[in-house]
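**Q** Numbering (this note's numbering), first residue to last: 1 to 193. One structure is given below, represented as structure tokens, and several questions about it will come after.
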């Protein structure tokens, strides 16, 4: 389905391109989320998502969701366990080992020159900001919430530190007062980055 989307992408009307980009960038969400929720995330109407399915020759969007769900069941669901099972056949490694390997790779990449210089530049920008905003949705929300919580203790003077977005945040309305010198830290997790 992804190949068909890419093949027909250039000939699509602009709104269908937005919907197609979402489908290409978030294949797991296509399988797991409702069509209305996907449309909201993509910034299009739910009828645009239905039109996209018909553009691809399907009867409706549910057909597209079914295709992506089947692909997820066949490849994605057991992939980490299979990958771990290949690591010497150690019992229990499939879960704990994959998590440990992933965390170790992420931590070791923090010291790489490109990453370190980006962190230093980001820290400098955050330190010089007038006000700070933290934004995270889904699995990024706890990170953004923790950032705002810690930074609120460190904020000096009139500097505001605000959590925006869903759940316990102030919503996106909090950004209406943002201006020059303010910084928004947006936290994303793969595959939602």
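C-beta atoms are modelled at their ideal positions from N, C-alpha and C, and glycine is treated no differently.
Rounded to the nearest angstrom, what separates residue 25 and residue 42 at their Cα positions?
**A** Answer to the nearest angstrom: the Cα atoms are 10 Å apart.
**Q** Is it true that the CB of residue 183 sits closer than 8 Å to the CB of residue 162?
**A** No, the pair does not count as a contact, with Cβ atoms beyond the cut-off.
**Q** Looking at the secondary structure, which residues open and close the beta strand (DSSP E) in which residue 44 lies?
**A** Careful: residue 44 lies outside any beta strand (DSSP E) and carries neither H nor E.
**Q** How long is the line joining the alpha carbons of residue 77 and residue 65, rounded to whole angstroms?
**A** The pLDDT assigned to residue 77 is 43, lower than 50, so where the model puts this residue is not dependable; a value taken from the coordinates is nonetheless given after this. C-alpha separation (whole angstroms): 16 Å.
**Q** Mark residue 53 as exposed unless 16 or more other C-beta atoms lie within 10 angstroms of its C-beta, in which case mark it buried.
**A** Under this definition residue 53 is a buried residue.
**Q** Tell me, please, which residues DSSP counts as bridged to residue 186.
**A** The partner list for residue 186 (beta bridge, DSSP) reads 135.
**Q** Just the C-alpha distance for residue 32 and residue 158, rounded to the nearest angstrom, thanks.
**A** When rounded, the distance between both Cα atoms is 43 Å.
**Q** Quick check on residue 44: buried or exposed, where buried means 16 or more other Cβ atoms within 10 Å of its Cβ?
**A** So residue 44 counts as buried.
**Q** Please classify residue 153 as buried or exposed, where buried requires at least 16 other C-beta atoms within 10 Å of its C-beta.
**A** Label assigned to residue 153: exposed.
**Q** Alpha carbon to alpha carbon, how far is residue 177 from residue 79? Give it in angstroms, no decimals.
**A** In this prediction, residue 79 scores a pLDDT of 44, lower than 50, which makes its location untrustworthy; no coordinate-derived value is stated.
**Q** Using the beta-carbon count (16 or more within 10 Å), is residue 118 buried or exposed?
**A** With fewer than 16 Cβ atoms within 10 Å of its Cβ, residue 118 is classed as exposed.
**Q** Check this for me: beta carbons of residue 61 and residue 49, under 8 Å apart or not?
**A** Against a cut-off of 8 Å, the Cβ pair of residue 49 and residue 61 comes out as a contact.
**Q** When you compare only the Cα positions, how much space is there between residue 4 and residue 137?
**A** Their Cα atoms are separated by approximately 30 Å.
**Q** How is the alpha helix (DSSP H) around residue 5 delimited, first residue to last?
**A** 2-8 is the span of the alpha helix (DSSP H), which, as asked, contains residue 5.
**Q** Could you tell me which residues DSSP pairs with residue 161 in its beta bridges?
**A** Note: residue 161 sits in a beta bridge opposite 132.
**Q** Does DSSP put residue 12 in a helix, a strand or coil?
**A** In this structure, residue 12 counts as coil in the three-state DSSP scheme.
**Q** Tell me which residues share the same chain as residue 155 and place their Cβ nearer than 7 Å to its Cβ, disregarding the 5 neighbours each side in the sequence.
**A** Within the same chain, residue 155 has close Cβ partners 161.
**Q** Is it buried or exposed for residue 110, if we count other Cβ within 10 angstroms and need 16 for buried?
**A** It counts as exposed.
**Q** Secondary structure at residue 59, three-state DSSP: helix, strand or coil?
**A** Coil, per DSSP.
**Q** Are the CB atoms of residue 1 and residue 55 nearer to each other than 8 Å?
**A** Their beta carbons are not under 8 Å apart, which means residue 1 does not touch residue 55 by this criterion.
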